[in-house]
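There are 2 protein chains.
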Amino acid sequence: MKVKVKNKMLLKDYFTYKSKRGLKTSQKRLFIIDYFLNEDRHFSIEELYHEIRKINSQISFSTVYRTLRLLTDCGLAQECCFAEGMVRYEPVHKARHHDHLICRKCGRIIEFENSEIEKLQNHVAKKFGFLVVSHALELYGLCTMCQKKQRRS
Amino acid sequence: MKVKVKNKMLLKDYFTYKSKRGLKTSQKRLFIIDYFLNEDRHFSIEELYHEIRKINSQISFSTVYRTLRLLTDCGLAQECCFAEGMVRYEPVHKARHHDHLICRKCGRIIEFENSEIEKLQNHVAKKFGFLVVSHALELYGLCTMCQKKQRRS
DNA sequence: ATGAAAATGAAAGTCAAAGTCAAAAATAAG
DNA sequence: CTTATTTTTGACTTTGACTTTCATTTTCAT
Ligand SMILES: [Mn+2]
Ligand SMILES: [Mn+2]
Ligand SMILES: [Zn+2]
Ligand SMILES: [Zn+2]
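Keeping their order, the protein sequence lines are chains V and R.
Mapped onto my numbering, the consecutive letters of the first sequence carry residue numbers 1425 to 1577.
Mapped onto my numbering, the consecutive letters of the second sequence carry residue numbers 1425 to 1577.
So, in structure tokens, the structure goes:
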């Protein structure tokens, strides 16, 4: 099994990390990383595992689990602890920070950025002498489609 | 065991709910509710259980657990899913909504309100045609005290 | 006081997440 | 290329935070 990587650019940070830490790159790990970074979604471990399984049924849950943690360690993935009781992982775009609108009905996730909100957050923190390291802002509710569906019934 | 309630006012909503649903009020439940509402903190089930256990060692984990869910059902408590991997419960002040600053070092929780941020949140939601039902905003970092401690070492 | 209904507690069950370890794969050395 | 060393894998076990079960106890309307 020899994996053809879709986009070598995305893997750059991984290879840097790998060299520094004396890791070895198995074909399975390579496949998972490549798939995860190119899909660019908010995967739970379970979800990613099941999708990958359809393509390559030789990859175990353990390996998917460990690869997501590895990507988190080398800064290519980020954990999202939404109010679902399980962790999701999303690729860290080289680009920038964003927050989320999450549909309680269909699970759709919309990303947004709002520098005004971020500014106000920092302002609040300063008022309390608090040093902000990270933050979570999630708006839960119904996406446009689910609102329409609800009105119909 | 006969519980002396510290503040009957706080229990009003519970008694309304109780009557509507044909519940019975055990002394243990009464003690837990009274303690929780008067302490007015952000308890994990485990924490509340251990504190209560020091005062009344005849109360089980199950009962604390079930009482917190009951309070959530009757609108007297709210679940807080901070990024710790466990749920906390806080009394719902008759007053108003607020968000949280959370110290990653000592666990201290500071509450704040900022209507400007809330307005901007609604503005963002509207832009995406999204109907917001609830939201979570938490700022994680270091409180003043923990920053000082860190500088000293 | 009594008995139907609700609450309790000890124990067992869930389930996502994390750890274990022998076997397999990758890569460094010869 | 072959061997040796190190890392990775996968099946399995363990953990921990809930959540449910059910026999026993408590509540409270009559
Ligand atoms: Mn995102
Ligand atoms: Mn609070
Ligand atoms: Zn939706
Ligand atoms: Zn602190």
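Heads up, the beta-carbon is just placed ideally off N, CA and C, and yes, glycines get one too.
- When C-alpha distances from E1503/R are compared across Y1513/R, Y1438/R and G1509/R, the shortest belongs to Y1513/R.
- In its chain, beyond the 5 residues on either side, H1522 and H1524 have a beta carbon closer than 7 angstroms to the beta carbon of E1535/V.
- Shown here for V1516/V: same chain residues with a beta carbon closer than 7 angstroms to its own, the five before and five after excluded, namely G1499, L1500, A1501 and Q1502 in chain order.
- Put simply, the residues with a CB less than 6 angstroms from any heavy atom of ligand 1 are H1466/V, E1514/V, H1522/V, H1524/V and E1535/V, in chain order.
- Taking 8 angstroms as the cut-off, the C-beta of C1504/R counts as close to a heavy atom of ligand 2.
- Beta-bridge annotation (DSSP): V1556/V is paired with G1565/R.
- Against chain R, a Cβ distance below 8 angstroms from R1528/V picks out V1557.
- Annotation for D1523/V: the continuous beta strand (DSSP E) segment containing it runs D1523 to C1527.
- Positions of the alpha helix (DSSP H) runs, each at least 4 residues long and wholly inside the region 1429 to 1510 of chain V, are given as 1436 to 1445, 1451 to 1463, 1469 to 1479 and 1485 to 1497 in order along the chain.
- Just so you know, the alpha carbons of L1461/R and L1434/R end up roughly 7 angstroms apart.
- Taking V1427/R as reference, the option from I1533/R, D1464/R, K1452/R and L1555/R with the minimal CA-CA separation is K1452/R.
- Nearest in C-alpha terms to L1563/V, of all of E1542/R, L1566/R, Y1564/R and N1538/R, is E1542/R.
- For I1533/R, the shortest C-beta to heavy atom distance toward ligand 2 is below 8 angstroms.
- Residue side-chain check: L1566/V places its Cβ nearer than 8 angstroms to a non-hydrogen atom of ligand 3.
- At a C-beta separation below 7 angstroms, E1562/R has these neighbours in chain V: H1559 and A1560.
- CA-CA distance, G1531/V to F1467/V, rounds to 11 angstroms.
- By the neighbour-count criterion, in which a residue is buried when 16 or more other Cβ atoms sit within 10 angstroms of its Cβ, T1449/R is exposed.
- Measuring C-alpha to C-alpha distances from R1493/V to each of I1456/V, R1528/V and R1477/V identifies I1456/V as the nearest.
- At least one C-beta of chain R is nearer than 9 angstroms to the C-beta of C1505/V.
- Short of 6 angstroms from the beta carbon of F1485/V, and not among the five residues preceding or following it, lie these beta carbons of its own chain, in chain order: Y1473.
- Taking a 10 Å sphere around the C-beta of H1547/R, we find fewer than 16 other C-beta atoms and assign the residue as exposed.
- For T1449/V, no CB of chain R lies under 9 angstroms from its own CB, so it is not counted at the interface with that chain.
- Distances taken from the Cβ of M1433/V to the heavy atoms of ligand 3 include none shorter than 8 angstroms.
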